[in-house]
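*Asks:* Each residue of the sequence shown is one higher than the last, beginning at 715 in the working numbering.
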Amino acid sequence: MTTIRPGFMFCVCPDPEMIRDEVRAALERCGTAPDGSAWRIQVHWGDEPLPQSFWTALSVPDLMGGGRAVVLRRAHELDDGFWPRLTPVLASKKPSIFPLFCLEGPWKAKGPNLSKALTSTPYWTVAETRKWVWRSPGLTVQAVRARIREWAGSLGLSPGPGVLDALAGSLPVDQSGLKRELEKLELLLGSRRDLGMEDLDGIGFKADIDIFAFLRTLRNPRERSAAWAHVLARADDDGYALQFSGLLVWEARTMWQLLSGDGDAVRLPPFVRKEKEAAARQIGLTGLAKIWPLALAAERGIKTGAMVPDQALEFLAQGIMGLFNARS
């Protein structure tokens, strides 16, 4: 089903692959160009000098007919003087020209970091009013879990206990990386429909953090500082910080199950189960419940640009050590 094409569109998201998906989806929603042909996509980049051909593409229809989608990627990199120049161009809608502007910068805590030179223009007001602005903060650990469940369901997979949580904790939190790793796992499985922990060894993005060993160290007040020093040594790596956050949520869920009487759903060697039960008792159900919002706040901070990775890890450090201190 096609929809009425917007006069122009803004795609606001820090994930480049999600931007590409939305541009494709927007063109599919609009159907064909006015003459019945497929839209011809012309891409320009805001982090490079814009040629005169960009302005021509926005203003002059193709003499041979056909529709042209003019996509400006990384438009957030443009200086403030660019946006007022668009006002007369966008004021005149041309049915065969569909401009799409992609704002791909990191978000702040309250949302996207947009230039006032853009948001004060009349065409931005029009776009907001007519819902010609698509926004997404990008993938989160929660969204990755949902995507994995959809993927497993579409293939008719039967995952073993804890497998989907383990997979969610070890996959990259970006659209391109997530697709790539799930495709590799699908190839690895072949015609099999059972998905076990042993299959996760076949994906390339492996967790290199032993979260429980880390939490176990935190139980000893004398070793807590050294444990966090080891983690913070890699604080400039946002992939590490997001991986740490995702695995932390997974470990907290396991301990919650052990402590709340749902331990039959957790398969662990007896000595590991005993250690995890002891750690879970020390933190308590109330403390374990606090780990989820801590991890999600840190993750969102990184994805939106409100926190750099070292700030997010320090935020987690203070919160988690507070849980152990409260129970010591």
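Beta carbons are placed, not taken as given, at the ideal position from N, Cα and C, and that holds for glycine. None of the values given here were measured: they were computed from a predicted structure.
Residues bridged to His758 by DSSP?
*Replies:* Note: His758 sits in a beta bridge opposite Leu786.
*Asks:* Phe722 lies in the beta strand (DSSP E); which residues open and close that run?
*Replies:* For Phe722, there is no enclosing beta strand (DSSP E), since its DSSP letter is neither H nor E.
*Asks:* Does the distance from the C-beta atom of Leu899 to that of Asp879 stay below 9 Å?
*Replies:* Not closer than 9 Å, so no.
*Asks:* Which class does Val1022 belong to by DSSP, given the choice of helix, strand or coil?
*Replies:* Val1022: coil per DSSP, three-state reduction.
*Asks:* If you draw a straight line from the alpha carbon of Ser806 to that of Ile1016, how long is it in whole angstroms?
*Replies:* 39 Å
*Asks:* Out of Arg936, Leu814 and Arg995, point me to the one whose CA is closest to Tyr837's CA.
*Replies:* Leu814
*Asks:* Can you tell me whether DSSP reads Val774 as helix, strand or coil?
*Replies:* coil
*Asks:* Leaving out five residues before and five after Lys988 in sequence, what residues of the same chain have Cβ atoms less than 8 Å from its Cβ?
*Replies:* none
*Asks:* Contact check, Leu792 vs Gly825 under 8 Å by CB: the rounded distance?
*Replies:* Not quite, the Cβ-Cβ distance comes to about 19 Å (not below 8 Å), so this is no contact.
*Asks:* By how many angstroms is the C-alpha of Tyr954 removed from the C-alpha of Ala868?
*Replies:* Residue 868 is actually Ser in this sequence, not Ala. Their Cα atoms are separated by approximately 29 Å.
*Asks:* Identify whether Gly1043 lies in helix, strand or coil by the three-state DSSP scheme.
*Replies:* This structure does not reach residue 1043, given that the chain is present from 715 up to 1042, and the question cannot be answered.
*Asks:* By the DSSP assignment, the beta strand (DSSP E) with Gly848 in it spans what residues?
*Replies:* Correcting the residue type first, residue 848 is Trp in the shown sequence and not Gly. Run containing Trp848: Val847 to Arg849, per the beta strand (DSSP E) assignment.
*Asks:* Return the CA-CA distance between Asp888 and Trp964, expressed in angstroms with no decimal places.
*Replies:* Answer to the nearest angstrom: the Cα atoms are 18 Å apart.
*Asks:* Going by alpha carbons, who is nearest to Gly781 out of Val757, Pro809, Leu982 and Pro935?
*Replies:* Pro809
*Asks:* Which stretch, first to last residue, makes up the beta strand (DSSP E) that contains Pro813?
*Replies:* Ile811 to Leu817
*Asks:* So the alpha helix (DSSP H) Ile862 belongs to, where does it begin and stop?
*Replies:* Counted as a single uninterrupted DSSP element, the alpha helix (DSSP H) harbouring Ile862 occupies residues Val855 to Leu869.
*Asks:* Compute the Euclidean distance between the alpha carbons of Val737 and Ile718, then round it to the nearest angstrom.
*Replies:* C-alpha separation (whole angstroms): 15 Å.
*Asks:* Less than 9 Å separating the beta-carbons of Ala902 and Leu885?
*Replies:* The residue asked about is misnamed: residue 902 is Leu in this sequence, not Ala. Not closer than 9 Å, so no.
*Asks:* Between Ile811 and the rest of its own chain, which residues show a CB-CB distance below 7 Å, the 5 nearest in sequence each way excluded?
*Replies:* Excluding positions up to five away in sequence, the list reads Leu772, Pro775, Arg782 and Val784.
*Asks:* In chain order, what residues of the same chain lie with their CB nearer than 7 Å to the CB of Ala993, ignoring the 5 residues before and after it?
*Replies:* Listed in chain order, the non-local C-beta contacts of Ala993 below 7 Å within the same chain comprise Leu929, Arg930, Arg933 and Met969, local neighbours out to five positions each way being set aside.
*Asks:* Give me whichever residues DSSP pairs with Ser872 in a beta bridge.
*Replies:* The beta-bridge partner set that DSSP reports for Ser872 consists of Asp908.
*Asks:* Are the segment 763–770 and the segment 848–865 touching by the rule of at least three beta carbon pairs closer than 8 Å?
*Replies:* no
*Asks:* Kindly indicate which three-state DSSP category Gly1033 falls into: helix, strand or coil?
*Replies:* helix
*Asks:* Just to confirm before moving on: does the CB-CB distance between Leu1022 and Gly960 stay below 9 Å?
*Replies:* Residue 1022 is actually Val in this sequence, not Leu. Cβ atoms of Val1022 and Gly960: not closer than 9 Å.
*Asks:* Quick test of your reading: Arg849 and Val726, contact by CB under 8 Å. State the CB separation rounded to the nearest angstrom.
*Replies:* 5 Å
*Asks:* Closest to Arg894 by CA distance: which of Ile862, Gly870 and Arg907 is it?
*Replies:* Ile862
*Asks:* Please classify Ala921: does DSSP put it in a helix, a strand, or coil?
*Replies:* With a pLDDT of 48 at Ala921, under the threshold of 50, the predicted position of this residue should be treated as unreliable, and no value is reported.
*Asks:* So what's Pro820 in DSSP terms, helix, strand or just coil?
*Replies:* coil
*Asks:* Verify whether the separation of the beta carbon atoms of Ala1031 and Leu1002 is less than 9 Å.
*Replies:* no
*Asks:* Comparing alpha-carbon positions, which option in Met911, Gly891 and Ile1005 lies nearest Gly874?
*Replies:* Met911
*Asks:* Rounded to whole angstroms, how far is the Cβ of Pro798 from the Cβ of Ala831, which I believe are closer than 8 Å?
*Replies:* 7 Å
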